[in-house]
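2 protein chains.
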Amino acid sequence: MARPKPLSGFPEFLPAQRMIEQTVIDLVRETFELHGFAGIETRAVETMESLTRKGEITKEVYVVRRLHAEPGDAGDDLGLHFDLTVPLARYVLENSGHLQFPFRRYQIQKVWRGERPQEGRYREFAQADIDIIGENTLADHHDIEAPLVMLEALENLHDRLGLPPVRMHVNNRKLSEGFYRGLGIEDTAAVLQRVDKFDKIGPAAVTELLTGELGLPDEVAAKCVRLATVCTTDDSFADRVAELGVRSEMLDEGLEALTNVINAARAQVPGRMVADLKIARGLDYYTGTVYETELVGHEHLGSISSGGRYDSLATDGKRTYPGVGISLGLTRLLVPLLAKGELTASRSVPSCVVVAVDAEETRSTAMQVAAILRGRGIACEVAPKADKYGKQIRYADRRGIPYVWFGGIDGEVKDIRSGEQTMADAAAWLPPQADRRPRVIAVGD
Amino acid sequence: MARPKPLSGFPEFLPAQRMIEQTVIDLVRETFELHGFAGIETRAVETMESLTRKGEITKEVYVVRRLHAEPGDAGDDLGLHFDLTVPLARYVLENSGHLQFPFRRYQIQKVWRGERPQEGRYREFAQADIDIIGENTLADHHDIEAPLVMLEALENLHDRLGLPPVRMHVNNRKLSEGFYRGLGIEDTAAVLQRVDKFDKIGPAAVTELLTGELGLPDEVAAKCVRLATVCTTDDSFADRVAELGVRSEMLDEGLEALTNVINAARAQVPGRMVADLKIARGLDYYTGTVYETELVGHEHLGSISSGGRYDSLATDGKRTYPGVGISLGLTRLLVPLLAKGELTASRSVPSCVVVAVDAEETRSTAMQVAAILRGRGIACEVAPKADKYGKQIRYADRRGIPYVWFGGIDGEVKDIRSGEQTMADAAAWLPPQADRRPRVIAVGD
Numbered sequence: 028m029a030r031p032k033p034l035s036g037f038p039e040f041l042p043a044q045r046m047i048e049q050t051v052i053d054l055v056r057e058t059f060e061l062h063g064f065a066g067i068e069t070r071a072v073e074t075m076e077s078l079t080r081k082g083e084i085t086k087e088v089y090v091v092r093r094l095h096a097e098p099g100d101a102g103d104d105l106g107l108h109f110d111l112t113v114p115l116a117r118y119v120l121e122n123s124g125h126l127q128f129p130f131r132r133y134q135i136q137k138v139w140r141g142e143r144p145q146e147g148r149y150r151e152f153a154q155a156d157i158d159i160i161g162e163n164t165l166a167d168h169h170d171i172e173a174p175l176v177m178l179e180a181l182e183n184l185h186d187r188l189g190l191p192p193v194r195m196h197v198n199n200r201k202l203s204e205g206f207y208r209g210l211g212i213e214d215t216a217a218v219l220q221r222v223d224k225f226d227k228i229g230p231a232a233v234t235e236l237l238t239g240e241l242g243l244p245d246e247v248a249a250k251c252v253r254l255a256t257v258c259t260t261d262d263s264f265a266d267r268v269a270e271l272g273v274r275s276e277m278l279d280e281g282l283e284a285l286t287n288v289i290n291a292a293r294a295q296v297p298g299r300m301v302a303d304l305k306i307a308r309g310l311d312y313y314t315g316t317v318y319e320t321e322l323v324g325h326e327h328l329g330s331i332s333s334g335g336r337y338d339s340l341a342t343d344g345k346r347t348y349p350g351v352g353i354s355l356g357l358t359r360l361l362v363p364l365l366a367k368g369e370l371t372a373s374r375s376v377p378s379c380v381v382v383a384v385d386a387e388e389t390r391s392t393a394m395q396v397a398a399i400l401r402g403r404g405i406a407c408e409v410a411p412k413a414d415k416y417g418k419q420i421r422y423a424d425r426r427g428i429p430y431v432w433f434g435g436i437d438g439e440v441k442d443i444r445s446g447e448q449t450m451a452d453a454a455a456w457l458p459p460q461a462d463r464r465p466r467v468i469a470v471g472d
Numbered sequence: 028m029a030r031p032k033p034l035s036g037f038p039e040f041l042p043a044q045r046m047i048e049q050t051v052i053d054l055v056r057e058t059f060e061l062h063g064f065a066g067i068e069t070r071a072v073e074t075m076e077s078l079t080r081k082g083e084i085t086k087e088v089y090v091v092r093r094l095h096a097e098p099g100d101a102g103d104d105l106g107l108h109f110d111l112t113v114p115l116a117r118y119v120l121e122n123s124g125h126l127q128f129p130f131r132r133y134q135i136q137k138v139w140r141g142e143r144p145q146e147g148r149y150r151e152f153a154q155a156d157i158d159i160i161g162e163n164t165l166a167d168h169h170d171i172e173a174p175l176v177m178l179e180a181l182e183n184l185h186d187r188l189g190l191p192p193v194r195m196h197v198n199n200r201k202l203s204e205g206f207y208r209g210l211g212i213e214d215t216a217a218v219l220q221r222v223d224k225f226d227k228i229g230p231a232a233v234t235e236l237l238t239g240e241l242g243l244p245d246e247v248a249a250k251c252v253r254l255a256t257v258c259t260t261d262d263s264f265a266d267r268v269a270e271l272g273v274r275s276e277m278l279d280e281g282l283e284a285l286t287n288v289i290n291a292a293r294a295q296v297p298g299r300m301v302a303d304l305k306i307a308r309g310l311d312y313y314t315g316t317v318y319e320t321e322l323v324g325h326e327h328l329g330s331i332s333s334g335g336r337y338d339s340l341a342t343d344g345k346r347t348y349p350g351v352g353i354s355l356g357l358t359r360l361l362v363p364l365l366a367k368g369e370l371t372a373s374r375s376v377p378s379c380v381v382v383a384v385d386a387e388e389t390r391s392t393a394m395q396v397a398a399i400l401r402g403r404g405i406a407c408e409v410a411p412k413a414d415k416y417g418k419q420i421r422y423a424d425r426r427g428i429p430y431v432w433f434g435g436i437d438g439e440v441k442d443i444r445s446g447e448q449t450m451a452d453a454a455a456w457l458p459p460q461a462d463r464r465p466r467v468i469a470v471g472d
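Protein chains in written order, with my numbering: chain E, 28 to 472; chain L, 28 to 472.
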């Protein structure tokens, strides 16, 4: 068999890179759990009916079919989920009788999209989502809570693992929609859709779309574009909006809600959130606060964490389930940092120690030493061959394993980086904390 | 939307059940890492060419296709992996230049099979695999190591989480094949295939197959069946085989290898392994030691952990990659125990504490208390509504959260199980260790 080639759009990691991804996932999960979010996993497949309810998404779906399925076989009309929100909606409806609301859940899983692969776009990628789902109602303070939990997770990745800091851009759909209504615009969604292209095409082109395609008067279009340019690190965005002289009840609601989010974030994670009134989140089902997040210094990656408030995640006729959620694109965040070598690992294996083997006859002694070390939480492996010691040290060195153990339980341990070798008792010796587990190393550390 | 129904063969867990699965996965991963296995994940899809190389497997494959793929589109000839071994073989070939051999890897992922769903058979299920892969050669002692690592993981699940104990049944293909050859049989695979049905159809039916279908003389068939009945908890199986008066070099090799495995297991995990000479592992690619594992008291589930030695996982023409591996069927192990209620969780959410809210105006104080507790590793959530305290306590109770915090940082904490309420400082209070995280509770605990 010739050497297989990678599949475009399906990134895979070498062991050291996977260790970094796992460390990121563990830390994100820890943050979510500290905030009381329960983890769930949903099956990889949903019915095509459930996946294609929003027509415009169908182009990205991977259909799944048994190789020997007969046409019309029940249960074979399936596709891979393209996000974790559609599965959550289905899970909530299916299990509503067994869940407590508000239901706080996190979900860290792969999703699949049949998109054309390009930088930052993958066909298989991992997401980490949090959502808070209410039954019929959900208090507004969860709009503040959700982004703060995600920002805390991202701040932990920055502080503890050295990932770049982030900047979360927040808006409120009611603010934009209320503003447009205050201007007498009826098809507010059409305006939102065009303003959403602001970053890509710039203010002049957006103005042209608004006056041309939508036939808005120049003055009205100009105000829509001026609203989109408002971006502040504090609650002064409200004054900037007031200067535009537009009023509506919905606009006031949106301004108040956004003010609360921005002020809470300023208090808890200063400098990480901005009010950015051009954020629209495309054609999504959001109805209130919306979030997007840039990685500082890597803005070209686009948003690595997005979400918002939706008034109806799902409904079963009797009850509706409003929610607020935010998703972290793990693959989108990590693949570029790993590819550029901005994140590396201190070693490619969990082992902290290689226990050397004198001769095959004494392998059981080495195994005993290893068992004692493991019992004390020290990851180790026994050398695979009773080679000359130099070769066994090279075995450790090639994997980045810092220590080699010689002799029995009362033996000697060599730090192969310094060459220092000391007497050691397997039942008592401890490596320094920093050597216990492989570490994530960020450029600039 | 009507309430969706579960998809047969695609089990999903409620949050408390998922917490149990996650705890099992964490513990298994910890054991694997202590033994120096590095985690990898492979993409969910492989090329159909790679999946169908073993013809008899094709019937189980799920084909994956972009909904709007044109016929003949490149990169769309894909299927979901049905195990983690085919992907490992491809990963090793693809990345051989970047891996260190022997390559010790674990992999915990979902796999998919288009099989008819039935008890113990799923269309989507999770596996936890360990494999040790050599480059051209791999020492025999890894045949001992692999099952001992898996038995240690299973023993940890038994000791720490209360899962049932296991019994691993081990044989060696060389032993069986060498025995058949010593009897003058040429098509040893045909005999192995029929002996593999021993547990299902019994000795009389196997004898009939051997004499009927294969035309073996009665005496020869009888010896094959007698070999299959040998099952010992120590190395006395070798004496039992000797009594049958068959000799061959390959048989001696197999006997010695199996003796080494059994004796090592007796020393390290007494009572958990038996030599069972009817174990064949079907038509798999195994060439040496083979493993199957029963859950004691749940033998009807079949093997929950299987594997073996293979002389060639993959080859690129220049090099071959022999290996030994063993796989744990997480879904197969857990779904029945969860369904029967033999494993439950102490609560359905990670939160240890609900911080009560006096009035919406003091929500920020409650958030502050929660932040201090979290900073000390105590998972908590702030009550979603400033309801009467009784209602906030019920909020905690319905989720199994043991503590409710009242007042500010210098507040009071109530254990809602005992009703005891005490003064507490958020910066110093610690719940008992057993309450810190949700616990897995096994029937009989």
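C-beta: ideal position from N, C-alpha, C; glycine also. In this text, all values refer to a predicted model and were calculated from it rather than measured experimentally.
Chain-ordered residues of the segment 404-431 of chain L with a beta carbon less than 9 Å from chain C: Within the model displayed, chain C is absent; protein chains E and L are what it includes.
Less than 6 Å between C-beta atoms, sequence neighbours within five positions excluded: which residues of the same chain meet that for Arg464 of chain E? none
Would you kindly work out how many angstroms separate the C-alpha atoms of Gly82 of chain L and Thr215 of chain L, rounded to a whole number? Low confidence applies to Gly82 of chain L: its pLDDT is 49, below 50, so where it sits in the model is not reliable, and the reading given next is rough at best. The straight-line gap from Cα to Cα measures roughly 20 Å.
Segments assigned beta strand (DSSP E), at least 3 residues, entirely inside the segment 148-208 of chain E: 151-160, 193-199
Measuring only between beta-carbons, confirm whether Ala29 of chain E sits less than 8 Å from chain L. yes
Chain-ordered residues of the segment 145-174 of chain E with a beta carbon less than 7 Å from chain L: Glu151, Ala166, His168
Quick check on the DSSP output: the beta strand (DSSP E) that includes Cys407 of chain L runs from which residue to which? 407-409
According to DSSP, is Asp223 of chain E helix, strand or coil? coil
Contacts of Tyr348 of chain L in chain E (Cβ-Cβ under 7 Å): Within 7 Å Cβ-Cβ: nothing; Tyr348 of chain L doesn't reach chain E, min ~11 Å.
Which word fits Ile306 of chain L, buried or exposed, when buried means at least 16 other C-beta atoms lie within 10 angstroms of its C-beta? buried
Tell me the residue span of the alpha helix (DSSP H) that contains Tyr416 of chain E. 416-426
Contacts of Asn122 of chain E in chain L (Cβ-Cβ under 7 Å): Leu41
Could you check the C-alpha separation between Gly344 of chain E and Asn122 of chain E for me, to the nearest Å? 15 Å
What is the rounded straight-line gap between the Cα of Ala397 of chain L and the Cα of Arg92 of chain E? 47 Å
For the segment 278-290 of chain L and the segment 232-243 of chain L, state whether three or more C-beta atom pairs, one from each stretch, are separated by less than 8 Å. no
Taking just the CA atoms, how far does Ser330 of chain E sit from Lys418 of chain E? 48 Å
Let's see if you can read the secondary structure: which residues bound the alpha helix (DSSP H) around Leu361 of chain L? 357-366
Alpha carbon to alpha carbon, how far is Cys407 of chain E from Val176 of chain L? Give it in angstroms, no decimals. 12 Å
Taking Cβ-Cβ distances shorter than 7 Å, what residues in chain L pair up with Leu236 of chain E? Residues of chain L passing the Cβ test: none, with the nearest at roughly 27 Å.
Run of the beta strand (DSSP E) containing Ala469 of chain E, from where it starts to where it stops: 467-469
Got a sec: which bits of the segment 126-141 of chain L sit with their beta carbon under 8 Å from any beta carbon on chain E, in order along the chain? Leu126, Gln127, Pro129, Arg131, Arg132, Lys137, Trp139, Gly141
Contact criterion: CB-CB distance below 8 Å. Does Met46 of chain L meet it with respect to chain E? yes
Alpha-carbon to alpha-carbon, Arg194 of chain E and Pro297 of chain E: 10 Å
Against chain E, with Cβ distances strictly below 8 Å, would Gln49 of chain L count as a contact? yes
How would you list, in chain order, the residues of chain E whose beta-carbon sits under 8 Å from the beta-carbon of Phe37 of chain L? Arg70, Val72
I want to verify the contact list: residues of chain E whose CB lies under 8 Å from the CB of Tyr89 of chain L, in sequence order. Val91, Arg92, Arg93, Leu94
In whole angstroms, give me the CA-to-CA distance for Asn287 of chain L and Lys412 of chain E. 17 Å
Which of the three DSSP states, helix, strand or coil, is assigned to Cys379 of chain E? coil
Please list, in chain order, the chain E residues whose beta carbon lies closer than 8 Å to that of Ile399 of chain L. In chain order: nothing, as chain E lies at least about 12 Å away.
Between the C-alpha atoms of Ile468 of chain E and Arg187 of chain E, what's the straight-line distance to the nearest angstrom? 10 Å
Should the segment 448-458 of chain L be called in touch with the segment 167-181 of chain L, which here means at least 3 C-beta pairs below 8 Å? no
Which word fits Ser108 of chain E, buried or exposed, when buried means at least 16 other C-beta atoms lie within 10 angstroms of its C-beta? Rather than Ser, the amino acid found at residue 108 of chain E in this sequence is His. His108 of chain E is buried by the Cβ-count criterion.
Tell me, please, which residues DSSP counts as bridged to Leu370 of chain L. L:Ala469
To which residues of the same chain is Gln448 of chain E closer than 6 Å at the C-beta, ignoring the five residues directly before and after it? Glu439, Lys441
Using only the alpha-carbon positions, how far apart do Ala173 of chain E and His168 of chain L sit? 51 Å
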